[in-house]
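Have a look at the structure below, then the notes.
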Amino acid sequence: MVRRFLAESASKLILGVGAALFLTSAMHHVSEINRISEVTGPMLALALDGTLALAVVYGGWRLADSDFASEHRWRVAVWCLLGIAVLVGTTAAGIAIRRFEGRVVSESVFQLLLAADAGAVSGLIAGFYDAQTHAHARQAERATTTLRFVNDLLRHAARNHVSAILAHADIARRETDDEDVSNAASSVREQAHEITDLVENAGAIAETVSGDGNVGRIDLAAVAAEEAQRVAETFDATVRTDLPERAPVAANEAVRFVVKNLAENAAEHNDADDPRVELAVTDGDESVRLRVADNGPGIPGSRKPELFDPNARSRHGGGLHLVATLVDNYGGDVRVEDGDAGGAAFVVRLPRGDAQ
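Every letter in the sequence shown is one number past the one before it in full-length UniProt numbering, and letter 142, counting from 1, is 142.
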């Protein structure tokens, strides 16, 4: 009840201000008609400041009909009153200075009325914009909080289900003498661990994409070595690496998705008779370069510009778009070029972790 009263009070205040300005203008210009026995001039003046006053009334009505919260409605009201105070104060100061200098100031009341009307309208416009900005910011904050809650809930549920899958896979592998069943159980375990890694990295990916991720130091050489081994065990491809002992980059755990996606694409879409994938990391003074190349069919030049577009008709356009987004948020860049073995080569440049 109190909240509704406060919300309605803000719009009623603006309606009252607009009505008061219009009535004051009307009374002043009617008195001017009687004083100078002239209708045209005062009526034109009333059309000017009276229209502005009615615009304030309309603004109050729109505010009452809006879905702004009470605090946002009061922002509009405060802006409106502030606009009146600033323009009326400035105009009054100018009039006072001219009179102090001994100059003749004509129609000072009309000038003040016009300043009040213009200030009210200007304040209303600024207030509506300010209130809308704060409302959108609060809505975005609520949406972010909700998504984080749902993400945490789903991650917790996924961990529980994966733990159950791993337990049953272990039982099946221990209790069977059938080699096919044992191999299937091992495959289930590997896929379950893949799901666990994906779930654990999902939070870091979401935070990085939204710009809220904390960037630290990640050894890109170690990540590339782990992903190279995993791809070699998962796909029917020869995986080679050219890695330094260490290559720290300014990133977080989400960088694993970058390496994982590029390495998996190089192996999965490679239709060569002897598929080969190479992961190379080059450590520079200010940046570290990751190059993932294959000997597959390559990528036509016409498709390269749109390859990282999420709307592109590609088997992996969405994943590559996420790769580009993550790399960009780290302050790096990614590009695709023709590989030395005839396939494609994706080159990622990331800032060095100790160069920050």
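All C-beta atoms, glycine included, are put in the ideal place defined by N, C-alpha and C.
What three-state label does DSSP hand residue i in the structure shown?
i      : result
Met1   : Here Met1 scores only 49 on pLDDT, less than 50, and its place in the model should not be relied on; the value that follows carries that caveat. Coil, per DSSP.
Leu154 : helix
Ser287 : strand
Val105 : coil
Ala334 : Checking the sequence shown, residue 334 turns out to be Val, not Ala. Three-state DSSP puts Val334 in a strand.
Asp170 : helix
Val223 : helix
Asp340 : coil
Gly203 : helix
Val39  : coil
Gly216 : strand
Ala280 : strand
Phe257 : helix
Ala293 : strand
Leu48  : helix
Ala328 : Note that residue 328 is Asp in the sequence shown here, rather than Ala. Helix.
Asp274 : coil
Ala69  : coil
Leu124 : helix
Identify, in the order they occur along the chain, each residue of the same chain with its Cβ nearer than 7 Å to the Cβ of residue i, setting aside the five sequence neighbours on each side.
i      : result
Asn214 : Asn252
Leu63  : Ala10, Ser11, Ile14, Arg73 and Val76
Phe149 : none
Arg246 : Asp219 and Ala221
Relative to the alpha-carbon of residue i, which residue among the options has its alpha-carbon at the smallest distance?
i      : options                           : result
Arg217 : Arg173, Asp152 and Ser287         : Ser287
Ser302 : Glu337, His156 and Leu114         : Glu337
Ile171 : Ala263, His161 and Ser182         : Ser182
Val56  : His28, Leu23 and Glu306           : Leu23
Pro351 : Leu81, Ala206 and Leu290          : Leu290
Arg349 : Asp152, Gly331 and Val121         : Gly331
Thr91  : Gly119, Asp328 and Asn265         : Gly119
Glu264 : Arg138, Pro244, Thr234 and Gly284 : Thr234
Leu151 : Pro300, Gly127 and Ala202         : It should be noted that the sequence gives Asn, not Leu, for residue 151. Asn151 has its Cα closest to that of Ala202, out of Pro300, Gly127 and Ala202.
Ala204 : Asn329, Thr146 and Gly16          : Asn329
Trp61  : Glu8, Ala126, Val239 and Thr282   : Glu8
Tyr129 : Met43, Ala115 and Gly59           : Gly59
Val17  : Leu44, Gly123, Leu243 and Gly41   : Gly123
His269 : Asp236, Ala250 and Leu243         : Asp236
Asp271 : Asp285, Asn261, Ala250 and Asn295 : Asn295
Gly127 : Leu262, Pro305, Ala206 and Cys80  : Cys80
Does the distance between the C-beta of residue i and the nearest non-hydrogen atom of the ligand SAM fall short of 8 Å?
i      : result
Ile195 : With respect to small molecules bound, the structure shown includes none, and the ligand SAM cannot be examined in it.
Who are the Cβ neighbours of residue i in its own chain at under 8 Å, not counting the five residues just before and after it?
i      : result
Val2   : Any reading at Val2 needs caution, since the residue's pLDDT is 48, under 50, leaving its predicted position unreliable; the model's value is listed next. There are no such residues.
Asp354 : Arg217 and Pro248
Ile95  : Val105, Ser108, Gln111 and Leu112
Ala169 : Ala185, Ser186, Val188, Arg189 and Ala192
Asp340 : Ala293
Arg335 : Phe346 and Val347
Gly298 : Asp338, Gly339, Gly342, Gly343 and Ala344
Pro244 : Ala221, Val281, Thr282 and Asp283
His28  : Val109, Phe110 and Leu113
Within 10 Å of its beta-carbon, does residue i have 16 or more other beta-carbons around it, so buried, or fewer, so exposed?
i      : result
Ala47  : exposed
Thr208 : buried
His136 : exposed
Ser31  : exposed
Val39  : exposed
Phe100 : exposed
Spatial neighbours of residue i within its chain, please: CB distance less than 6 Å, with the 5 preceding and 5 following residues excluded, ordered by chain position.
i      : result
Ile165 : Ala192
Asp117 : Leu21, Asp49, Leu52 and Ala53
Val162 : Ala192, Ile195 and Thr196
Ala267 : Val231, Phe235, Ala237 and Val277
State yes or no: is the beta carbon of residue i nearer than 9 Å to at least one beta carbon in chain B?
i      : result
Thr241 : The structure shown contains no chain B; it holds only a single protein chain.
| Touching or not, the region 67-76 and the region 97-109, by the rule of three or more beta carbon pairs under 8 Å? | No contact exists between the region 67-76 and the region 97-109.
| Between the region 254-266 and the region 179-189, do three or more beta carbon pairs fall short of 8 Å? | No contact exists between the region 254-266 and the region 179-189.
| With contact counted as at least three CB pairs below 8 Å, one residue from each stretch, are the region 224-243 and the region 169-180 in contact? | Contact between the region 224-243 and the region 169-180 is not established, with fewer than three Cβ pairs separated by less than 8 Å.
| query | Is the region 27-36 close to the region 80-87, with three or more CB pairs under 8 Å? | reply | Between the region 27-36 and the region 80-87 there are fewer than three C-beta pairs closer than 8 Å, too few to call the two in contact.
| Do the region 149-161 and the region 110-121 meet, that is, are 3 or more Cβ pairs less than 8 Å apart? | Contact fails: fewer than three Cβ-Cβ distances are below 8 Å.
| request: Please confirm if the region 317-324 is in contact with the region 271-279, defined as three or more CB-CB distances below 8 Å between the two stretches. | output: The region 317-324 is not in contact with the region 271-279.
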